[in-house]
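Report on the structure given below.
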Amino acid sequence: MPLVEFENLSKIYRMGDETVRALDGVGLRIDPGEFVAILGPSGSGKSTLMHILGFMDSPSGGRLQFEGNEVGRISRAHRSWYRANRIGFVFQAFNLLPRLTVADNVVLPIVYSRSGIRDRNARAATALERVGMTHRATHIPSQLSGGERQRAAIARAIVNTPSLILADEPTGNLDSRNVDRIMELFTGLSAEGQTIVVVTHDEHVAGFARRTIRMCDGRISEDTSRPV
Amino acid sequence: MNWMLTFYGGLVNGLGEVWAHKFRSLLSMAGIILGVAALVAMVGVVQGMLGEMREYFERTGGITRLTVETREPPDEQAHIAHLSPGMTFRDVEAIRGGSPLVRWIDPEVSLGWRRFSHDGERVNAPLRAVLPDRREVLRLELREGRFIGDLDIADASPVVVLGSWIGDHLFPEGNAVGKRINIHGTNFRIIGVLEPMGGPDQGGWFSRQNRVGLIPVTTGMKRFSGNDRLNSLSVQVADVAYLEDAIEQVSNILMQTRRGIRDFEVATMEEQLAEFRRMERSFTFALGGVAGISLLVGGIGIMNVMLAVINERIREIGVRKAVGARGTDIFIQFLAEAVVISVVGGMIGVMASVGLVVMMQELVEAEQFRIVLSSPAMVVGFLFSAAIGLASGVYPAMRAARMNVIEALRYE
Ligand SMILES: Nc1ncnc2c1ncn2[C@@H]1O[C@H](COP(=O)(O)OP(=O)(O)O)[C@@H](O)[C@H]1O
Ligand SMILES: [Mg+2]
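Each protein sequence line maps, in turn, to chains R and Y.
When we follow numbering that gives the first Met the number 0, the leftmost residue of the first sequence carries the number 0, and every step to the right adds one.
When we follow numbering that gives the first Met the number 0, the leftmost residue of the second sequence carries the number 0, and every step to the right adds one.
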């Protein structure tokens, strides 16, 4: 069974009498364990697709299945549930809460998934250990470097063992040394069977993934996989 | 259950936010703080006043007391009005002789402020000429010596009972009984000193009663006023059940002493009681209004701050939603924060009110009126502030809850 499968997916923004087709009939299938990179010029619809896959937005048309369930039009509450329990989102701007410690930031998805009240700290510690951030657990984000912040954000994304990690330009704010560290981290997670989709416009970053999808004007223009 | 956990988390988080922005939080609480402090202080003033009135009322016989008041005689008697001797000591003797329903008779000849001097020390205080019944009516206690007795009345003896205030000033070491004291040129023998009336926190009427000299009514008439006119006359009835009968009895007797001229009225305390209740009610409404308005203003302040806070934290809302927070989680979080602001404000308000009341107690002399620290008012003010916080947090929290995730995340 595919993890995500969609057909003829579209997203239309209306601004006055002008309509923008951010997604214009895309279809795709992602299986469990895949490591996918989405490439494409700015404005080609990458983020829009990620938002829909991440249950932060709903499509204007088309069919969308997640773990075998039709999820194109589900309630806001359901979407929150998927965000808390099935998706780990990594942002370009890290999006850590500035006044919380790293550990408290990592705990947030557990809090909102309403699971494991008792072992939440242990789970957060495990996630931090996985990204090599145990020694920074009690720091606040402003005390960390960019690479460390993104590792903390990845810990937050994996803490609820999601079925899909979505990263929208996760290396966009990092220097080249940290780009490689973060991508090696994703590669490691992928090797453990984690499904990952990374959006980038950097060919070097895309090179870490097995499968590369290119987008242009809201459509998929190329879908290639390199052999194992 | 889950929402309670979320609310609790929100409270902890809210405390952190309040602490992180101490000055702004204090400003946003200002309305609530002032509202609660003003409420408690005002209740203190009004309760002090009303409480004292109630105590005075009870202390002076309550509804078993009848006062003889002077009135204009009716028109048809106007031409013979001068035949009535007015309120005199003869009224007292007639009531005593003729009204078995009356238990105590309390006439007074007020002799104004007089100089009391002893051994070169002098103080000024009101001098009043009264009957031994005064002791029963006001339930006066003696610190030393005895009260005015029937023999003192019969002999019009030059004896005086001093209020505790005069006793303290002229005889700080005590042992005043038997000593001579000069009252406005006349020598008196001290037969007793009164216990102070009321507790230390009781001001007004009660503490004024401590600064007084009491002499036999006959002595007052003979040595000072020179006639038998009374300034006031009241009686206390043995049993409320016979109040109406007693009024009739006293009226009939007075019709005789006043030679048939109706220049008096025997009044009950009913009217004063009704007046007292009216006052109590209007004070309550006025207080409620003022407190309500100030807390409303406090609530508007909190709402304003919460809207600003939410505007500042749009990105945080986006992040929380992105990692799985539902609208209700966000709603509860910001509601809890509003409650934290108002509850902390309410607590500071209660503390400020204690300071305010103590300060007012210091400033206002106990003799003018007293101010009490009302703990029910503190509780009500505190609960009210919490409720206001809850109410004023709803709208901002709703706005936060409805925010779109992507737009919130994109917000700079
Ligand atoms: N909220 C929105 N309202 C209007 N247009 C939007 C909105 N979000 C995205 N778009 C438009 O949709 C297109 C795709 O945007 P996006 O998915 O962010 O592209 P990418 O991430 O590939 O740079 C762009 O033309 C963008 O301007
Ligand atoms: Mg983008």
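Ideal Cβ positions, reconstructed from N, Cα and C, are used throughout, including at glycine.
Note that this is a predicted model, so its numbers are computed, not measured.
- Sequence-distant partners of V338(Y) (beyond 5 residues in either direction) whose C-beta falls short of 6 Å from its own C-beta, in its chain, are G388 and L389.
- Using a Cβ-Cβ cut-off of 7 Å, H200(R) is close to nothing in chain Y; its nearest Cβ partner there is about 18 Å away.
- Judged by beta-carbon spacing, L130(Y) lies beyond the 8 Å limit of G212(Y), meaning their Cβ atoms are not closer than that value.
- Counting along the chain, no alpha helix (DSSP H) covers Y410(Y), and no H or E run does either.
- Note on the region 47 to 135 of chain Y: whole alpha helix (DSSP H) runs with a minimum of 4 residues are 88 to 97, in chain order.
- Annotation: the region 276 to 361 of chain Y contains the following complete segments of the alpha helix (DSSP H) (minimum length 4 residues), in chain order: 313 to 321.
- The beta carbon of S41(R) sits no closer than 8 Å to any beta carbon of chain Y.
- Cα atoms of G184(Y) and A37(Y): separation of roughly 51 Å, rounded to the nearest angstrom.
- Distance from the C-beta of K320(Y) to the nearest heavy atom of ligand 1 is not below 7 Å.
- Rounded to the nearest angstrom, the Cβ distance from S98(Y) to I252(Y) is 6 Å, consistent with a contact under 8 Å.
- At a cut-off of 8 Å between beta-carbon atoms, M55(R) makes contact with chain Y.
- Nearest to Q271(Y) by alpha-carbon distance, out of Q255(Y), F383(Y), F56(Y) and G288(Y), is F56(Y).
- Listed along chain Y, the residues sitting closer than 8 Å to Y111(R) by beta-carbon distance are R319, V322, G323, A324, R325 and D328.
- At the C-beta level, L100(Y) and Y241(Y) come within 8 Å of one another.
- Within chain Y, no residue has its beta carbon less than 7 Å from that of H203(R); the closest one is some 26 Å off.
- Chain Y has a Cβ within less than 8 Å of the Cβ of F88(R).
- When C-beta distances to chain R are compared with 8 Å, the residues of the region 298 to 318 of chain Y below that value are R314, E315, G317 and V318, in chain order.
- In its chain, beyond the 5 residues on either side, Q91 have a beta carbon closer than 6 Å to the beta carbon of G171(R).
- As the crow flies, the alpha-carbon of A77(Y) is around 14 Å from that of G85(Y).
- Nearest Cα to G177(Y) within the set H117(Y), R138(Y) and I152(Y): H117(Y).
- In the pairwise beta carbon analysis, the region 103 to 119 of chain R is classified as not touching the region 174 to 182 of chain R: fewer than three pairs are separated by under 8 Å.
- Closer than 7 Å to some heavy atom of ligand 2: that describes the Cβ of D167(R).
- Near ligand 1, meaning a beta-carbon closer than 6 Å to one of its heavy atoms, we find Y12(R), M14(R), V19(R), A21(R), G39(R), S41(R), G42(R), S43(R), G44(R), K45(R), S46(R) and T47(R).
- Taking 8 Å as the cut-off, the beta carbon of D222(R) is found no closer than this to the beta carbon of M49(R).
- The C-beta of Y12(R) has fewer than 16 other C-beta atoms within 10 Å across all chains shown, which makes the residue exposed.
- The beta carbon of G380(Y) sits closer than 6 Å to those of V35, L38 and V39, all from its chain and outside the five residues before and after it, given in chain order.
- Non-local C-beta neighbours of E264(Y) in its own chain, meaning closer than 6 Å and more than five positions away in sequence, comprise E68 and R70, ordered along the chain.
- Across the set W2(Y), F22(Y) and M48(Y), the C-alpha of M48(Y) shows the shortest separation from the C-alpha of Q360(Y).
- Residue-level contact check: A399(Y) does not touch chain R, since none of the beta carbons of chain R fall below 8 Å from its beta carbon.
- Between the alpha carbons of A151(R) and M41(Y) lies a distance of about 55 Å.
- Close to chain Y, meaning a Cβ-Cβ distance shorter than 7 Å, are the following residues of the region 94 to 105 of chain R: N94, L96 and R98.
- Residue nearest to P31(R) within the set S9(R), L95(R) and I195(R) is I195(R) (criterion: CA-CA distance).
- For the 8 Å CB-CB criterion, G43(Y) and I370(Y) form a contact.
- In the DSSP annotation of this structure, the continuous segment of the beta strand (DSSP E) that includes F263(Y) starts and ends at F263 to A266.
- Residue environment analysis places I190(Y) among the buried positions, since at least 16 neighbouring C-beta atoms fall within 10 angstroms of its C-beta.
- If you ignore the 5 residues before and after H77(R), its C-beta comes within less than 7 Å of no other C-beta in its own chain.
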